[in-house]
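Residue numbers for the sequence shown follow my numbering, so the first one is 1389 and each next one is one higher.
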Amino acid sequence: MNGSPNIRTRKQAAAAEKQAGTPNGRPNGSANSKRSSLIPEQPENIFLFYPNIIGYSRIILALASLYYMPLHPRTCSLLYSISCLLDALDGVAARYFEQSTQFGAVLDMVTDRCTTACLLVFLSSAWPRWALLFQGLISLDLASHYMHMYATLTMAGKGMSHKKVDENRSKLLHLYYTNKVHIHLISTRCCCSQLTC
């Protein structure tokens, strides 16, 4: 990269070079710029981006929390809570390091849906009296996220994220997707209170 401390990814380096108007930060016509243009640039490994590594950590924590659900509810609550907090952190990391990818968005959404469904399945087995409510919540979670994502993709095209909701369209969805910290704190608190009863 150009050696500038503000440049964190190849994408930022390319943008800085384009803005400066010189390839690789060197004056046009120098031998070094000709030589460096012949060297093919290696593609970045998106699977090792920081937000995706956080996503993998979330999966490991979720699996560990699922293991501890019937055995030790407090350990399960702690692991599940950390996984939920990391859910908020991976989005922040993706924006900070400019490492937002389709893979990361899908990884995040699938991890969210799976961990929520597993928690609700356990709660329905722990409190069979409320099983119908928990099954309804699973259905609502899966169906609402699918329909919202599908509607967003058909309305806005392929490059649009389902998380970009205009406040005029739905104030509740706008609040949900723009104020992640409050939502995660509320959901973590609810899960902890349910599991530690």
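C-beta atoms are modelled at their ideal positions from N, C-alpha and C, and glycine is treated no differently.
- With the rule of 3 Cβ pairs closer than 8 Å, the segment 1435-1444 counts as touching the segment 1488-1497.
- C-alpha of A1519 to C-alpha of S1513: approximately 7 Å in a straight line.
- Ranked by Cα distance from R1501, the first of Y1455, Y1456, I1447 and R1557 is I1447.
- Under the three-state reduction of DSSP, D1554 is assigned to coil, being neither helix nor strand.
- CA-to-CA, the gap between R1557 and S1453 works out to about 36 Å.
- D1529 is not a Cβ neighbour of T1503, given a cutoff of 8 Å.
- Only residues of its own chain outside the window of five on either side were considered, and among them F1522, L1525 and I1526 have a CB closer than 7 Å to the CB of L1508, listed in chain order.
- Taking the Cβ atoms as the reference, A1476 lies roughly 11 Å from P1439, outside the contact range of under 8 Å.
- Unbroken alpha helix (DSSP H) stretches of 4 residues or longer found wholly inside the segment 1455-1495: 1461-1484, given in chain order.
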